[in-house]
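What follows is a short report on a single structure.
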Amino acid sequence: MRWLTISALLAFGIDQLSKWWILEVVRLPVVLREDVWPPFLVFRLGYNDGINFGLFGEGSPLQAYFLIGVAVVLSALLLIWAMRSFTLARAFASAGLVIGGALANALDRVLHPGVVDFLNMSCCGISNPYLFNLADVFIFAGAFGLILWTGEKKAADEGGETR
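For the numbering used here, add 11 to where a residue sits in the sequence shown, where the first one is 1.
Encoded structure:
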């Protein structure tokens with residue numbers, strides 16, 4: 012459980028710090044674009060009021076409250092699942108990454124017109140129009156970790172091999 016708390020706090024803090032830095036230090040709302048290592052890494056500001064890749068983005072306050080509620084409820088359910096079932100530190104850490112990232116994006120919906128996205132990566136002549144943030148990276152990495160590391164206890168209880 013300690014690893015869940017540590018990874019959730021780190022994911023939340025790093026994400027929020029990166030967004031503060033991009034908004035207040037880099038001043039992306041003013042400069043609009045910062046070529047860090049074009050085209051591989053470009054900072055561009057976007058406010059996502061929908062879900063992944065801007066899907067279902069309407070911009071209504073009701074939708075923002077609904078998505079905040081979904082993030083909080085799913086984070087609570089993941090926490091309950093972790094407390095009841097997880098045995099591996101890396102599974103707890105993975106859950107923490109998902110929870111920290113989800114709650115960081117939920118806070119964005121409270122403080123900003125939407126989730127603050129600013130990372131854009133393209134490669135090999137293919138221009139990627141989508142933006143994301145570090146919370147999205149933490150959520151993806153945590154979900155991948157949950158897929159990898161949450162089946163051990165059940166497999167061991169059934170006499171199966173663990174990975």
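Cβ atoms here follow ideal geometry from the backbone N, Cα and C, with glycine treated the same way.
The residues S133, in chain order, have a CB closer than 6 Å to that of P50 in the same chain once the five nearest residues on each side in sequence are set aside.
Collapsing the DSSP output to three states places R95 in a helix. With respect to the 8 Å criterion, N116 and F129 are not classified as neighbours on the basis of their beta carbons. In the three-state scheme derived from DSSP, where H, G and I count as helix and E and B as strand, F51 is classed as coil. Across the set S105, L157, L114 and L34, the C-alpha of L114 shows the shortest separation from the C-alpha of A87.
Beta-bridge partners of D147 (DSSP): none assigned. With contacts defined by Cβ atoms closer than 8 Å, I79 and V121 form a contacting pair. Shown here, I158 sits in a helix according to DSSP, grouped into three states. The shortest CA-to-CA distance from R38 to any of Q27, W48 and F54 is the one to F54.
A residue is called buried once 16 or more other Cβ atoms fall within 10 Å of its Cβ, and T98, having fewer, is exposed.
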